[in-house]
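Here is the structure we will look at, set down as structure tokens.
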Amino acid sequence: MNRYDNLESAARGLASGIGRVATIGFFDGVHRGHRALLGDLKDWAVEVGGESVVVTFGEHPQAVLGAHPPVPVVSLEHRLLLLEREGIDAALVLDFDERVRALTPEDFVRSVLVESLGARGLQMGFDSAFGNRRLGTFEYLDEMRDELGLEIRSSRAEILEGVAVSSTRVREAVSNWSFVELENLLGHPFSIMGTVVEGDGRGRQLGFPTANLALPGVSVPPPGVYFCDVLCLGERPHGRHSWRALVAPERPEGFFRGVMNIGRRPTLTDGKEASIGSIYDPRVDTVEVHLLDYEGDLYGQCLEVFVLSMHRGEKKFSSVEELTAQIRSDVEARLG
């Protein structure tokens, strides 16, 4: 998937004679509703013999609009990886600044979609709206299609349990950390993506080496021990693998079973364990993953951790030996 970080690079990347169809949105988590819209976009691109393009933003627009922006479900890089997995041809990442905020829907369409992307079509979600005061609804723009020189199409809502799948529903499931509901809404297990950084080596000393993850400001499950599947993405994320590999008869190259610990490591730090239901706090909590059946150096590598279930809460043990015995039991339960 091609990535453009400004309008100039998007314009330079426009291949002569290749039509583009586009969609606009934050696409946090790339849930079932997003994926249905992206499917419509890809079908349209095939129809015109062109490229599918997603126009998205580096940070949530509410950060500029003065409201409290929600904690992202996934990071920008993770979001782009998920879009690549869906088969999108290109993504334009814009800064949602005051200039973009002030654009009318017509100006946004003309300057971003038509002039910079060379788009001939705009695919919108069932509740999409953009531009100053969010006037750019499907109904509003459809009346101006001739003036804008752009065909407008709308995707239907993806309904699950009688309610449309939306980013709001996903964030509500995140707030409750209902992994079953999250998987239903996303269409795949919830995952976090981070880079392996150097830790204190205590896991290796205990016989269970862990990969310590540096995470951007994204949604992270509360402290506890989790069963997971881990995908090693290399030094740069790429879309070669997908969540579908999790249900493949044979585990593909790059996937490993894992046990993840999120928390304060009270036994090793002589601190206090996190209480049940505590919110992840990056100032005191760490994210460590033990990969089963893996040997090698992961420093600097990017890992995507698919959270399958919570195994137990965080606990302070009376000795390192007791902690080691519990970790061994956790690993055996993951293998079983």
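Residue numbers for the sequence shown follow my numbering, beginning at 1427 and rising by one.
C-beta atoms are modelled at their ideal positions from N, C-alpha and C, and glycine is treated no differently.
Using only alpha-carbon positions, find the residue among the options that is nearest to residue i.
| i | options | result |
| --- | --- | --- |
| residue 1623 | 1633, 1637 and 1613 | 1637 |
| residue 1519 | 1632, 1476, 1429 and 1724 | 1429 |
| residue 1504 | 1472, 1559, 1455 and 1479 | 1455 |
| residue 1608 | 1619, 1596 and 1448 | 1596 |
| residue 1452 | 1757, 1593 and 1684 | 1593 |
| residue 1627 | 1761, 1736 and 1716 | 1716 |
| residue 1680 | 1632, 1693 and 1730 | 1730 |
| residue 1728 | 1714, 1621 and 1720 | 1621 |
| residue 1767 | 1755, 1686, 1581 and 1540 | The displayed coordinates of the chain run from 1427 to 1762. Any statement about residue 1767 would go beyond what the structure contains. |
| residue 1489 | 1749, 1691, 1526 and 1573 | 1526 |
| residue 1563 | 1575, 1541, 1535 and 1587 | 1535 |
| residue 1540 | 1700, 1578 and 1569 | 1578 |
| residue 1588 | 1611, 1567, 1580 and 1576 | 1611 |
| residue 1487 | 1509, 1466, 1524 and 1464 | 1524 |
| residue 1711 | 1475, 1567, 1724 and 1697 | 1697 |
| residue 1480 | 1473, 1555 and 1463 | 1463 |
| residue 1485 | 1475, 1474, 1472 and 1501 | 1501 |
| residue 1722 | 1658, 1706, 1495 and 1552 | 1658 |
| residue 1706 | 1625, 1641, 1751 and 1633 | 1641 |
| residue 1458 | 1483, 1551, 1531 and 1744 | 1551 |
| residue 1755 | 1633, 1575 and 1605 | 1633 |
| residue 1427 | 1506, 1448 and 1449 | 1506 |
| residue 1618 | 1583, 1625, 1513 and 1656 | 1656 |
Whole-angstrom Cβ separation of residue i and residue j, contact assumed at under 8 Å?
| i | j | result |
| --- | --- | --- |
| residue 1689 | residue 1497 | Between residue 1497 and residue 1689 the Cβ distance is about 18 Å, and since that is not below 8 Å, they are no contact. |
| residue 1651 | residue 1737 | 5 Å |
| residue 1549 | residue 1603 | With a Cβ gap of about 32 Å, residue 1549 and residue 1603 do not count as contacting. |
| residue 1733 | residue 1635 | Incorrect: roughly 20 Å between the Cβ atoms, too far for contact. |
| residue 1748 | residue 1699 | Rounded, the Cβ-Cβ distance is 14 Å, inconsistent with contact. |
| residue 1746 | residue 1693 | 7 Å |
| residue 1757 | residue 1639 | About 18 Å; that fails the 8 Å criterion. |
Near residue i, what residues of its chain come up, given a Cβ to Cβ distance below 6 Å and the 5 sequence neighbours on each side ignored?
| i | result |
| --- | --- |
| residue 1438 | none |
| residue 1515 | 1477 and 1478 |
| residue 1704 | 1648 and 1649 |
| residue 1546 | 1445 |
| residue 1720 | 1682 |
| residue 1629 | 1635 and 1636 |
| residue 1466 | 1549 and 1581 |
| residue 1742 | 1692, 1693 and 1699 |
| residue 1818 | Given that the chain is displayed from residue 1427 to residue 1762, the structure contains no residue 1818 and the question cannot be resolved. |
| residue 1450 | 1481 and 1556 |
So, at 8 Å on beta carbons, what are the nonlocal neighbours of residue i in its own chain, with the 5 sequence-adjacent residues on each side left out?
| i | result |
| --- | --- |
| residue 1377 | Given that the chain is displayed from residue 1427 to residue 1762, the structure contains no residue 1377 and the question cannot be resolved. |
| residue 1585 | 1591 |
| residue 1761 | 1683 and 1718 |
| residue 1537 | 1433 and 1529 |
| residue 1751 | none |
| residue 1673 | Residue placement at residue 1673 cannot be trusted, given a pLDDT of 44 that sits under 50; the coordinates are not used to answer. |
| residue 1735 | 1605, 1652 and 1653 |
Which residue comes first and which comes last in the alpha helix (DSSP H) that contains residue i?
| i | result |
| --- | --- |
| residue 1435 | 1433-1438 |
| residue 1756 | 1746-1761 |
| residue 1533 | 1531-1534 |
Can you tell me where the beta strand (DSSP E) holding residue i begins and where it ends?
| i | result |
| --- | --- |
| residue 1444 | Counting along the chain, residue 1444 falls outside any beta strand (DSSP E), and DSSP gives it neither H nor E. |
| residue 1695 | Not the beta strand (DSSP E): residue 1695 falls in the alpha helix (DSSP H), residues 1692-1695. |
| residue 1730 | 1728-1738 |
| residue 1414 | With the chain covering 1427 to 1762 only, the question about residue 1414 has no answer from this structure. |
| residue 1715 | 1712-1717 |
| residue 1688 | 1681-1689 |
| residue 1545 | 1545-1550 |
| residue 1662 | Residue 1662 -> no beta strand (DSSP E), and no H or E assigned at all. |
| residue 1430 | 1428-1430 |
Is residue i close to chain C? Criterion is C-beta to C-beta, closer than 8 Å.
| i | result |
| --- | --- |
| residue 1688 | Here there is only one protein chain, and chain C is not present. |
Among residues of its own chain, excluding the 5 on either side of residue i, which ones have a beta-carbon nearer than 7 Å to its beta-carbon?
| i | result |
| --- | --- |
| residue 1670 | Low confidence applies here, because residue 1670 scores a pLDDT of 49, under 50, leaving its location unreliable; read the following figure in that light. Closer than 7 Å at Cβ, skipping near neighbours: no residue. |
| residue 1436 | 1430, 1518, 1542 and 1543 |
| residue 1576 | 1535, 1539, 1540, 1545, 1546, 1547 and 1548 |
| residue 1570 | 1532 |
Would you list, in sequence order, the uninterrupted beta strand (DSSP E) runs of no fewer than 3 residues that lie entirely inside the region 1552-1639? Within the region 1552-1639, the complete beta strand (DSSP E) runs of at least 3 residues are 1577-1580 and 1617-1623.
Segments of 3+ residues assigned as beta strand (DSSP E) that fall wholly inside the region 1453-1517: Listed in chain order, they are 1477-1483.
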